[in-house]
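Positions in the sequence shown are counted from 1; adding 621 to them yields our numbering.
Each residue gets a CB set at the ideal place from its N, CA and C atoms; glycine is no exception.
Nothing here was measured: the structure is a model prediction, and the numbers come from that model.
Accompanying notes for the structure given below.
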Amino acid sequence: MNIILIVSDSLRADHVRVYQQLWREQNPNGGPPIAPYFQMHTPHLDRLASEGVLFERAHAGSYATVPNRYELLTGRFVCTYTAGWEPLPAHEIVLAQALGDAGYGSMFIFDTPNLLRDGYHFDRGYDAWHWIRGQEGDRYRTAPVHVELPCAPEKLRTNPRYPDGTVVQYLRNVANRRHEEDYFAPQTFGTAIRWLEENASRDRFFLHIDTFDPHEPWDPPSRYVDLYDPGYTGEEVIYPRYGSTDVLSDAELHHCRALYAAEVTMVDRWVGKLLQAVDDLGLRENTAIFFLADHGFVLGEHGWIGKGTFPLYEVLNHVPLLMRIPGMPEGQVISAYAQAADLMPTILDLSGVANPGTLQGQSLLPVLRGDVEHVREVCVSTTSLVTPASQGSAQAGLRTMIQRPGWAMLYGPHAEPRLFDTANDPGQEHNVYDSQPEIARELHAAFVSFLREVQAPETAIGPIASDERFRVT
């Protein structure tokens, strides 16, 4: 069985049309859980779902970009015991390594800049890799020296890692772009298609594709933007400053949403080209395809735009997860929780490769086969709980989300928890923590049990387990 694993950064589940349709069917009076701003154009992801399996409760585990990849490639909930946002340690057994030892040829094609720069080494274990340079603040080009910003600078996000500003560096990187094929997602998927054409005769291969889109900056070709906000003439806030939406006019905020949606549709189109290549090369019957995102993005919900240190609301931790596996029934909708840590166990299980004994995630194949209903009853999404800087952020703020069907709690040991009745308040707007103390205690206890199950260090468990607010009196 060949394996194709596709990761799209910052893609909210509610910005894939098939998820929108599913939620409308389930909530005919209330609309989808997080009301999107457009009827999305994602025909190719919709096709992938109709030909395979859709997980409606896929959520981030270790947040955000780099911790997610660390979790995905090791099958471990890394934010419970590491910084997560760090180079991939040499001692961790990774997916490409396990498949390679079993005879798989592997290739990693990506434009996500965080995975290789500054010695992060997420290429480890692959036979070969190809990095499409220039995304976000990638230190790729030094010219043109003078760059014209698309909007007032106070509306743009800044980052101390990039002396000239992330957007300035990005605009230098893309200064010579002329055609859609020059954009990052098209380059990444185009490179993957060419690799498939050259390697279709391999006995077994693992192709890993990681595209940074629809992560900011948002500047897709106008043909995609016109689907969502035709005729806009204002400033182009392509990488908004994280924080309150007050800095943006209503028209600018709407256009930010349109730019994001347009990036999603561009990614979808190039996923479609890859799916067509799989069919044209005769690979469909022996190739499993997995598509997922790492996290979402706040587009005005709760009065914010961005992500960063924001609480891990649904819009940040609910992601699409689609699988097309030969021999599995088509069009399944699975309500079981699923997370990035489950992908490595699932792929190894499907490939007949032994569990290396390090995995904390669970194979989802028993769920797909109908042998079990779920692999976990509670789902935890969190930033790092162990490193001083991240620990302070996680403990002082609401950087952990604990969920079970019908309920979700934002938690930090030194912040006021927020509990949501997601069956009746899917947008997570009404905090019922004070009126539902028993539910809050149950979710807190489940979080502590999860940390003990994955053998998190006591420095992580201690402040949480000893939280007096959840003691039974």
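Per DSSP, E677 lies in no alpha helix (DSSP H); the unbroken beta strand (DSSP E) holding it starts and ends at 674-679. Residue pairing of S865 in beta bridges, as defined by DSSP: W925. L777 is bridged by DSSP to P861.
R945 sits in a strand when the DSSP states are folded into three classes. In the three-state reduction of the DSSP assignment, G726 falls in the strand class. Look at the beta carbons and you see the region 764-772 not touching the region 739-749: under three pairs across the two are nearer than 8 angstroms. Around M728, the same chain offers A749, W816, L828 as residues with beta carbons nearer than 6 angstroms, after the five sequence neighbours per side are excluded. Beta-bridge annotation (DSSP): Q1024 is paired with C1000, A1029. Sorting V996, V788, H636 by C-alpha distance to the C-alpha of E757 places V788 at the top.
According to DSSP, residue pairing for L828 in a beta bridge involves I625, M728.
Listed in chain order, the non-local C-beta contacts of K894 below 7 angstroms within the same chain comprise F810, I814, local neighbours out to five positions each way being set aside.
Taking Y863 as reference, the option from K776, N689, L986 with the minimal CA-CA separation is K776. Bounds of the beta strand (DSSP E) holding Q953 are 953-959. For S870, no pairing in a beta bridge is given by DSSP. Remark: C-beta atoms of C1000 and I968 do not approach each other more closely than 9 angstroms.
Within the DSSP bridge table, the entry for F931 names no partner.
Taking the CA atoms as reference points, V936 sits about 14 angstroms from H836. The C-alpha of A961 lies about 6 angstroms from the C-alpha of E692. Put simply, the region 969-982 touches the region 679-697. At least three CB pairs are less than 8 angstroms apart. Under the DSSP assignment, I1082 falls in the alpha helix (DSSP H) whose first and last residues are 1079-1086. When the beta-carbon positions are compared, T1004 and P710 stay at least 9 angstroms from each other. I910 has I625, R945 as its beta-bridge partners, per DSSP. With respect to the 9 angstroms criterion, D915 and D630 are classified as neighbours on the basis of their beta carbons. When Cβ pairs closer than 8 angstroms are counted between the two stretches, the region 1061-1073 is seen not to touch the region 950-959, the count staying below three. Going by C-alpha positions, Y958 is about 9 angstroms away from R1025. The C-beta of H767 has fewer than 16 other C-beta atoms within 10 Å across all chains shown, which makes the residue exposed. Looking at the DSSP output, D1042 sits in a beta bridge with W1028. The Cβ-Cβ distance between M944 and L896 does not fall below 9 angstroms. Counting along the chain, W644 sits inside the alpha helix (DSSP H) bounded by residues 638-647. Closest option to V674, judged by alpha-carbon separation, among W925, L643, I830, Y853: L643.
Scanning its chain for C-beta atoms nearer than 7 angstroms, with the 5 sequence neighbours on each side dropped, one finds around G929 the residues Y863, in chain order. When DSSP reads this structure, S683 sits in a beta bridge with T1003. The beta carbons of F659 and A882 sit about 5 angstroms from each other, so the pair counts as a contact at 8 angstroms. W752 has F731 as its beta-bridge partners, per DSSP. Here the alpha carbon of G973 sits roughly 51 angstroms from the alpha carbon of P765. Partner residues in the beta bridge of H939, as assigned by DSSP, are H680.
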